[in-house]
Structure formats: structure tokens, C-alpha cells
Amino acid sequence: MHDVVVVGAGPAGSRYARQAASRGLDVVVFEQGEIGKPLACSGHVSTDIWEFTEDARDELFQNEISGARFHTGGPGSQDHPFYKDEVISNVIDRVGLDKHLAGLARDAGADVREGHSVVGVTEDRDGVTVEVRGDDGIETHRAKMVAGCDGPKSRVRRELDLPEPDELLHGVLGFSDEVDHGDFVDVHLTVPRFFAWRIPRGEAGVEYGLAVPPGDDARGRFEEFVDGYGVETDRRCSGLIPIGPPKRVTGRRSFLIGDAAAQTKPFTGGGIRYGMTAADHAAREIDPEDPATLGDYERAWRDDLRQEIRLGHAVRAGYSAPEPIQKAGMKAFEGEIGVHMDRPTTLFSREQLAALFSRS
Numbered sequence: 001m002h003d004v005v006v007v008g009a010g011p012a013g014s015r016y017a018r019q020a021a022s023r024g025l026d027v028v029v030f031e032q033g034e035i036g037k038p039l040a041c042s043g044h045v046s047t048d049i050w051e052f053t054e055d056a057r058d059e060l061f062q063n064e065i066s067g068a069r070f071h072t073g074g075p076g077s078q079d080h081p082f083y084k085d086e087v088i089s090n091v092i093d094r095v096g097l098d099k100h101l102a103g104l105a106r107d108a109g110a111d112v113r114e115g116h117s118v119v120g121v122t123e124d125r126d127g128v129t130v131e132v133r134g135d136d137g138i139e140t141h142r143a144k145m146v147a148g149c150d151g152p153k154s155r156v157r158r159e160l161d162l163p164e165p166d167e168l169l170h171g172v173l174g175f176s177d178e179v180d181h182g183d184f185v186d187v188h189l190t191v192p193r194f195f196a197w198r199i200p201r202g203e204a205g206v207e208y209g210l211a212v213p214p215g216d217d218a219r220g221r222f223e224e225f226v227d228g229y230g231v232e233t234d235r236r237c238s239g240l241i242p243i244g245p246p247k248r249v250t251g252r253r254s255f256l257i258g259d260a261a262a263q264t265k266p267f268t269g270g271g272i273r274y275g276m277t278a279a280d281h282a283a284r285e286i287d288p289e290d291p292a293t294l295g296d297y298e299r300a301w302r303d304d305l306r307q308e309i310r311l312g313h314a315v316r317a318g319y320s321a322p323e324p325i326q327k328a329g330m331k332a333f334e335g336e337i338g339v340h341m342d343r344p345t346t347l348f349s350r351e352q353l354a355a356l357f358s359r360s
């Protein structure tokens, strides 16, 4: 009888497993394939990432970013720069991050198993039963609780009939081998209700990507986008981006973290920091012996991230504004900024106000 079965060894799952195991819980983690693969997420993250790793910067770091050029048109169109006189974010080895975090979970005492696909989850009054397909066939595991950290199409969420995210965008990534140490990303507001991007990764090349609502031609738009830059991308991947957490991410003896719970930034789709922040709340609040503590987790992570997510939706609404309004808004606010890329509430911070007044 495990304390917790964790399904999924992405950043959220591995972070929860590490924190829970360090508190003395019996934790087993199942990842359906090789940890970190296939890649389905950008490696552009805030510098806060290093708070969740231990001495991993030299191993994972690829490039430093200090600003973004926003475009209402495609490649070569007029840009509106937003920047800081310091590093805003880093570009990292995204596969390496997953492997590193899983290693930290193992070091803390969690049993992390690759090549194990969860095929069934049921809850009862006393615990959960998790069926897993591994090299030796179907295994059955009992635990006091199950943590669904298994991404946008969470098997745990579906098996236990937990509510779905508000929206699932379709994202496409591609990588070229062009060396680029530039410190600006390019953001193009040229796709419906979201954007396309170009991220320089230093010696590791350049990342191109976009995300679109369901039913749109993501691959066709991606081809048009990279053609505009005149590049060939030799490695591509795609995946779903959940936007909008459901009203409930817990069951009788279950809880969701990360993309499974749509704990993401509505204005970028990124969820690494939000997911690991929620994982820390889960490890602190949830006692596998007491299902009532699931409510403590619900309150804790929502109190922490609710305002950021609400403001993130407001920022994203600007992507769909008429182009003249977009241009006027960017022209008015372009230049030095004082915001944090993960926290929209910093739009009202002392640093951001000082940056605005310095231009007036």
C-alpha cells in the first residue's frame, strides 16, 4: 500500500514526488515512456526555474533573454520592443530539465519507473487502485491517493471523471540548427486567439512555434510561419496546451497537478512554474491518510495563482483586438518594462510604474 501513486514524471509530477518523499511518504511514479520524451513544450522559462533545481544551471542553460519584440505581422514586419536592462528569462534544455527533476525525486526516495503506462484508475473509500502496463504485463498497485500529473489529456482525469480544462490549444514546435545568441524573442500576433514565436537558443539553435484553437490548421500555419523566416526545421513536435483550470481538480482520493489541472499561464500557455508551485502546495497540504486535506490543496494553490491566471486571461484577450488597437497599445507601452514573465500582477508593480514614468 503506497501512500501516493504519481502518474507522470514531468516537472509537476517529479516536483511533487520529490517534496512528498522528502516528507517521508511512500511515493511511486509511473512515466509511460522515457522521461522528457517526446518533447512537447518550449524551453523558454523565467529565471525562477533555478529555485526548483539544485546546481543544474551549467547542465541545462542555453541562452539569456532580456526582452521581446512584438509584431502584428509576420517575419520582417515592424516590431515593438519590450525589455529590461537585466536578464528576464532563460532558454534551457527542456528534456534535460525533466530528467534532472526526476533524478531529484529519486534522490529524495521516490520510486520513479519509466516505461510504465497507467491503463486504469479507480477510487474507493479506503484508497485507489492503479493498473499499470509494464515490461512484465499488467501490474496492480494500491495507494491511499493518486496524483494525476499526466498532462493535458490526463488519463487520471478521464478515468475518475474529473472536470476538463476550459480549452485545449494545439501547439507546434520546430527547431533549426542556426546558432543565435540574441537576447530577444520574437512574438507574432498573427494566429487566431494566440501567437507564434521565435526563440534564440544560443549554440543549440532556434526554436519556432505557435499555438492555435482546436479545428485550426496548426501545421499549415506553422509551415507558413517558418517559410516567412526562410528556414528549415529539422526536428518538430506537437502537443496540446490546456488553458483555464476547471472548478475542481480533486476527487475522493485523487488530485491533479500541472497541465492535467490546466495550471498554466493563459497568455503564453507555459505551465512549468505554475505546475511546480502547485506541486509544492500539494505536498504541504495533502495528508494521504485524510481525504479532507484535498480541500486544503484546492484552496492553497488557487489562492496563490488565481489572480495571476485571471490577469493572464485579460492579457491574452489583447491578442484578438483589432490590429490598429494592438499597434496603438504596443506603441504606448513599448520600451523598458518592470514586469515578471510569470506574474501578470507585476503590471501594477512599483518597478513597472517606474519604468512607465521614466519614459514620460
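For the sequence shown, UniProt numbering gives the first residue as 1, with consecutive numbering after it. Beta carbons are placed, not taken as given, at the ideal position from N, Cα and C, and that holds for glycine. Just so it is clear, the structure is predicted and the values come from calculations on it, not from any experiment.
State the beta-bridge partners of residue i as determined by DSSP.
i	result
W50	Looking at the DSSP assignment, W50 forms no beta bridge with any residue, so it has no partner.
P256	The sequence given here places Leu at residue 256; Pro does not occur at that position. According to DSSP, which records beta bridges pairwise, L256 is partnered with G148.
T345	Answer by DSSP bridge pairing: none, since T345 is not bridged.
E64	N90
V191	V191 pairs with nothing; no bridge assigned.
A196	H188 and L210
G202	D180
D290	D287
F267	F267 pairs with nothing; no bridge assigned.
R57	Bridge partners of R57: none, in fact.
R69	P81 and D186
Considering residue i, what are the terminal residues of the beta strand (DSSP E) in which it resides?
i	result
L168	E167 to S176
I138	G137 to G148
G134	V128 to G134
F82	D79 to Y83
I337	Neither: I337 is in no beta strand (DSSP E) and is coded neither H nor E.
E285	That residue, E285, is in no beta strand (DSSP E); its alpha helix (DSSP H) goes I272 to E285.
V121	S117 to E123
residue 371	Because the chain is modelled from 1 through 360, residue 371 falls outside the range shown and cannot be assessed.
Please report the Cβ distance between residue i and residue j, rounded to the nearest whole angstrom; I am assuming they are in contact, meaning their Cβ atoms lie under 8 Å.
i	j	result
A12	I257	4 Å
R284	V146	Not quite, the Cβ-Cβ distance comes to about 18 Å (not below 8 Å), so this is no contact.
T277	L311	Going by Cβ atoms, the distance from T277 to L311 rounds to 16 Å, so no, they are not a contact pair.
V118	V7	5 Å
R94	G43	4 Å
S46	H340	7 Å
V249	L160	In fact, because the Cβ distance is near 11 Å, the residues do not count as touching under 8 Å.
E114	I241	Not a contact, Cβ separation roughly 24 Å.
E59	G96	6 Å
V28	P288	About 12 Å separates the two Cβ atoms, so there is no contact after all.
Could you give the first and the last residue of the continuous alpha helix (DSSP H) run that contains residue i?
i	result
E308	L294 to A317
G103	R94 to A108
R155	R155 to E159
Open item on the list: Which complete alpha helix (DSSP H) runs does the segment 205–251 hold, if anything under 4 residues is left out?
Closed with: 218–229
- [ ] Count the CB pairs spanning the segment 74–91 and the segment 325–343 that are closer than 8 Å, and state whether there are at least three.
- [x] yes
- [ ] Could you tell me whether the segment 178–196 touches the segment 280–300, where touching means 3 or more Cβ pairs closer than 8 Å?
- [x] no
Open item on the list: Quick check for students: name the residue ranges of the beta strand (DSSP E) that lie wholly in the UniProt domain "FAD dependent oxidoreductase" (3–46), counting only runs of 3 or more.
Closed with: 27–30 and 44–46
Open item on the list: Three or more C-beta pairs under 8 Å: does that hold for the segment 165–179 against the segment 199–219?
Closed with: The segment 199–219 and the segment 165–179 touch, with three or more beta-carbon pairs separated by less than 8 Å.
- [ ] Check whether the segment 94–110 touches the segment 16–31, counting contact only when three or more Cβ pairs, one atom from each stretch, lie closer than 8 Å.
- [x] yes
Open item on the list: Using a Cβ distance threshold of 8 Å, determine whether the segment 46–66 contacts the segment 93–100, with at least three qualifying pairs required.
Closed with: yes
Task: Any 3 or more C-beta pairs closer than 8 Å across the segment 134–148 and the segment 36–53 - done: no
Task: Sufficient close CB pairs (3 or more, under 8 Å) joining the segment 199–209 to the segment 262–281 - done: no
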